[in-house]
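Heads up: the sequence lines are chains E and W, in that order.
All you need for our numbering is the position in the first sequence, starting with 1, plus 658.
All you need for our numbering is the position in the second sequence, starting with 1, plus 5.
Think of the CB as a built atom: it goes at the ideal place given N, C-alpha and C, for glycine as much as any other residue.
The next block holds one structure in the form of structure tokens; read it before the comments.
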Amino acid sequence: MDMAAHAEPKVDVVRRRRANVGRHLAPFLFISPWILGFLFFTLGPLCFSLTMSFFDWPVVGERTFVGLDNYRSMFMEDPQFRESLWITVKFAAIYVPFNIVMSLLLALLLHHATFASGFFRTVFYLPSVISGVALVTIWSWIYSREYGLLNFMLSLVGIDGPNWLGDPSLALVAIIVASLWGLGGTMLILLTGLKAIPKELYEAATVSGVPGWAQMLFITLPMLGPMLIFTFITSIISAFQQLTIALLLTKGGPLGSTYFFAMYIYDNAFKYFDMGYAAAGSWVMFAIVLTLSLVVMRWSAAWVYYEGEVRPADGDRDA
Amino acid sequence: MPDMKTTIIGSLLALSVAGAATARAEEVLRFATWDTGESLAIQQAIAKKFEEKHPGVKVQVEPYAEGYDQKLVAAFGAGNPPDVMYMWNFPQYYTSLMSLDELIARDSAEIKPDDFPEGLMNTARIEGKTYGMPSGFTTQVVFYNKEMFAKAGVEEPKEGWTWDDLRAKAAKFRDEAGKVYGFAVDAKPDPYDFEQFLWSNGTKYISDDGKEIDGYMNSDAAAAVLGMFADMARKEEAVTLHLGDETGGDTLFQGGKIAMFQSAMWDKADIDAAGFSYGVAPLPTFGDRPAHSALGVSAISIAKDAAHPNLAWEFVKFFSSPESVAMRVNDLPVRKSVAEAKGMTKDPVYKPFFDILATSNTERHAYLKNANWSKIQDNLARAIEATMIEQGNAKAHLDDAVKRSERLLK
């Protein structure tokens with residue numbers, strides 16, 4: 659009798675558990691396309707490329723295991739590696755701050771604009787919609803030595819314009835300017851952040867007689883912190899992955915002055931068909947970007963405030 | 006619902022059965038080419054003729070166009086290469102290609118190997134084995150605008166002219182206001198084509214065994230060639246192309262902005278279309294040495310793992326037959342007999358292309374000698390560009406290219 663009494667609820671538990679499993683499984687089923695996509699198109703290739711980086715891997719012909727040889731010869735022997743990395747670092751050092759400061763200024767301008775702000779928001783965002791190839795075509799018209807728009811404008815004021823893309827000392831600057839063309843995306847993120855700052859903060863500050871610059875410094879920038887840090891990291895990543903514009907506008911020239919690290923990887927893979935070496939290069943780039951992002955995150959913890967975050971008071975921090 | 010399901014499955018089955026049936030009825034030969042436009046149309050016409058002669062065979066022409074190498078490499082990497090394909094980069098691919106020597110020997114009555122110039126066959130050979138049949142070629146020449154020459158009262162170039170002659174003529178066309186020049190030098194020439202000037206001046210990029218570049222690529226004779234072009238740019242005898250500007254020499258020549266233009270068959274159709282009267286001169290010589298030309302050769306090869314190897318060889322044979330060769334009007338006939346039958350070896354426009362072929366048999370292109378050549382070549386290309394930008398210092402830049410490339414020679 660006891661047995662039967664016990665058996666009854668047991669069935670029930672199992673049934674309930676089954677229902678629970680179904681409930682827990684459902685969300686995973688819903689996102690399964692993404693999970694499958696991630697496994698097959700991201701994680702899979704990722705592991706595959708890591709394996710490749712330890713091989714001498716020509717696309718046609720024999721593959722041989724070489725251990726760390728690809729990494730060794732890249733660091734020890736290949737001048738192209740150092741040069742392309744240096745160019746990329748230079749590019750990032752100029753591009754990233756410019757991208758953020760200019761986006762912020764534009765966002766502030768639009769945030770405070772009272773006249774046709776919707777129109778200007780579209781105008782400023784529009785260029786970042788243009789795809790890489792079209793963008794490059796436009797800039798090659800602008801920069802052309804003899805028939806370019808830029809040098810035509812300069813000639814109107816009596817200046818004999820330089821050879822923007824043909825001069826090794828100018829080409830990198832030209833690429834940076836062309837890359838900044840797409841800052842509309844960053845601007846939009848910061849603008850959203852500005853809109854989200856509660857008005858009460860400014861009202862309270864104004865009532866207390868806090869001047870505008872101080873409001874900017876002590877309300878706007880701190881409240882924008884998470885957005886700034888996000889755009890900072892994404893700008894670093896996109897700076898290191900810069901390829902399209904340089905590949906199409908200058909092909910890395912003149913004299914390799916715009917030969918970015920991503921192009922070095924691209925050439926190894928699709929020009930020399932040295933897949934293992936290219937994979938090794940990609941992993942070096944991954945390591946660099948990861949390190950930079952971690953450094954930025956760690957450093958930002960000191961000044962970025964997330965809503966809902968509880969911070970120790972100053973006294974506690976000293977203790 | 007179950008009814009729906011069976012219908013769908015049923016129709017899917019029917020479709021796949023139908024697909025299998027058509028595949029069985031027609032043998033499909035895959036043929037990959039990099040050509041587009043008119044040249045592609047010619048190849049499709051040749052494929053059609055082949056289908057007519059082989060009932061039940063379908064030739065699937067796959068025009069990969071831009072990015073040909075990437076797509077071909079991907080096909081080989083995936084183990085699914087086309088049966089027959091256009092080929093030039095034999096060092097890169099030869100391990101995956103079928104060696105044709107036995108087949109050529111077996112069918113020599115049809116092929117007539119002697120009808121193909123030796124220099125063209127050499128571009129398809131690696132370590133003495135033949136991996137492709139030449140299908141079209143071009144050598145390099147100098148096109149000149151007869152109307153501009155007449156107007157400026159300059160004597161037209163003639164056979165046996167030298168680079169000094171060219172420079173003297175070019176200087177007379179310089180017109181600052183109209184941006185008109187006598188000649189154009191490319192700051193970023195394809196190093197493959199550029200080697201012709203080294204050959205013409207008695208040197209080459211790399212030793213014949215493919216192991217030495219020091220003393221070749223940076224020899225005095227090589228530096229003299231490069232220095233001469235830089236000098237032409239400095240003295241404005243020539244406009245410099247591709248220094249941050251994508252306007253090509255073809256555009257300038259067709260627009261009457263340069264009087265002489267060094268190029269090859271690939272520009273002839275457009276020059277014809279530009280509608281002015283032009284002449285064709287051979288490449289100038291350095292002193293009394295014979296001029297050599299780079300050979301632009303397209304060949305067709307068979308994949309080692311071709312799905313239909315026998316059919317593929319039949320196709321290659323047909324592609325190399327006098328009938329097909331004669332159809333290829335967008336480049337030059339690879340069969341001597343066809344060139345002669347068409348009277349091209351005597352026609353003043355075509356004669357220079359064929360004349361120079363005879364002296365261009367003696368050298369082999371650098372990429373056939375060293376597996377790492379494409380990397381070395383990029384260092385070389387940079388030295389050439391640096392020289393053109395600085396308009397001098399050829400020797401120093403070539404030395405630098407050699408130094409950067411030494412590690413790639415092993």
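Name the chain W residues that come within less than 8 Å of residue i, Cβ to Cβ?
i, result
"S798/E", "E251"
"V717/E", "V78, A79, F81 and G82"
Whose CA, out of the options, lies closest to the CA of residue i?
i, options, result
"V78/W", "A927/E, H682/E and W941/E", "A927/E"
"H313/W", "V62/W, K54/W and I51/W", "V62/W"
"K279/W", "P139/W, K356/W, K262/W and Q75/W", "The displayed chain sequence assigns Ala, not Lys, to residue 279/W. When only C-alpha atoms are compared, the closest one is K262/W."
"A269/W", "S282/W, A286/W and F281/W", "A286/W"
"A424/W", "T135/W, Q267/W and E345/W", "It is not possible to answer for residue 424/W, since the shown part of chain W is limited to 6 through 415."
"M845/E", "G680/E, F756/E, S951/E and P703/E", "F756/E"
"G84/W", "A52/W, L102/W, L316/W and D336/W", "L102/W"
"L793/E", "T902/E, A750/E and L694/E", "T902/E"
"E107/W", "Y98/W, P118/W, Q97/W and T100/W", "P118/W"
"Q65/W", "E319/W, G254/W, E32/W and M126/W", "E32/W"
"S379/W", "L257/W, N223/W and P96/W", "P96/W"
State the beta-bridge partners of residue i as determined by DSSP.
i, result
"E32/W", "V62/W"
"M92/W", "A304/W"
"I263/W", "Y186/W"
"R130/W", "T135/W"
"N206/W", "In DSSP, N206/W forms no bridge with anything."
"T908/E", "Answer is none; T908/E lacks a bridge partner."
"D714/E", "T722/E"
"E123/W", "According to DSSP, E123/W bridges with nothing at all."
"E67/W", "A37/W"
"A243/W", "F188/W"
"F291/W", "Paired residue(s): none; F291/W is not in a bridge."
At 8 Å on the CB atoms, spell out the chain E contacts of residue i, in chain order.
i, result
"E390/W", "G911, P912 and L913"
"K380/W", "Y930"
"Q75/W", "F928"
"Q267/W", "Those within 8 Å of Q267/W in chain E number zero; the least Cβ separation is about 21 Å."
Ignore the nearest five residues each way along the sequence and tell me which others in residue i's own chain have a CB closer than 8 Å to its CB.
i, result
"V754/E", "F890, S893, I894 and A897"
"D736/E", "none"
"R179/W", "V185, Y186, G187, E241 and E242"
"I361/W", "T144, Q145, V146, P287, L288, A296, H297 and S298"
Which residues in the same chain have their Cβ closer than 7 Å to the Cβ of residue i, if we skip the five residues on either side of it in sequence?
i, result
"G215/W", "K374 and N375"
"D219/W", "V407"
"P357/W", "V146, V285, A286 and P287"
"V962/E", "G883, P884 and I887"
"M350/W", "The question names Met, yet the displayed sequence has Thr at residue 350/W. Closer than 7 Å at Cβ, skipping near neighbours: A344, K356 and F359."
"A938/E", "S711, N728, Y729 and M732"
"T27/W", "Low per-residue confidence applies at T27/W: pLDDT is 45, beneath 50, and the placement is therefore not dependable enough to give any value."
"R29/W", "Interpretation of R29/W is limited by its pLDDT of 48, a score under 50 that renders its predicted location unreliable; the figure taken from the coordinates is listed afterwards. Cβ within range, chain order: n/a, list empty."
Given that residue i touches chain W, what residues does it touch there, using C-beta distances under 9 Å?
i, result
"D825/E", "L248, G249 and I394"
"N821/E", "L248, G249 and D250"
Can you list, in chain order, the residues of its chain whose CB lies under 6 Å from that of residue i, leaving out five sequence neighbours each side?
i, result
"I381/W", "S410 and L413"
"E390/W", "A192 and K193"
"A331/W", "V343"
"N821/E", "R803"
"F234/W", "V190"
"K400/W", "A228"
Taking Cβ-Cβ distances shorter than 7 Å, what residues in chain W pair up with residue i?
i, result
"S802/E", "D250"
"P737/E", "R409"
What in chain E is Cβ-close to residue i, meaning under 7 Å?
i, result
"R387/W", "L913 and G914"
"Q65/W", "Residues of chain E passing the Cβ test: none, with the nearest at roughly 22 Å."
"R412/W", "E735"
"T100/W", "V718 and G719"
"Q49/W", "None at all; the shortest Cβ gap to chain E is about 27 Å."
At 9 Å on the CB atoms, spell out the chain E contacts of residue i, in chain order.
i, result
"Q259/W", "Result: empty, since nearest Cβ-Cβ is about 16 Å, beyond 9 Å."
When the Cβ atoms of the segment 793-806 of chain E are set against those of the segment 871-884 of chain E, are three or more pairs found closer than 8 Å? no
Just checking, does the segment 348-367 of chain W make contact with the segment 154-163 of chain W on the three C-beta pairs under 8 Å criterion? no
Taking contact to mean 3 or more Cβ pairs, one atom from each stretch, closer than 8 Å, check whether the segment 199-215 of chain W and the segment 757-771 of chain E are in contact. no
Counting pairs of Cβ atoms below 8 Å between the segment 697-715 of chain E and the segment 793-804 of chain E, do you hit three or more? no
With a cut-off of 8 Å, do at least 3 Cβ pairs link the segment 242-250 of chain W to the segment 181-192 of chain W? yes
Is it the case that the segment 294-304 of chain W contacts the segment 130-149 of chain W, given that we only count it when at least three CB pairs across the two stretches are under 8 Å? yes
Is the number of C-beta pairs between the segment 850-859 of chain E and the segment 782-795 of chain E that are closer than 8 Å three or more? no
Any 3 or more C-beta pairs closer than 8 Å across the segment 831-850 of chain E and the segment 922-936 of chain E: no
Below 8 Å, how does it come out for the segment 308-324 of chain W and the segment 38-56 of chain W: are there three or more Cβ pairs, yes or no? yes
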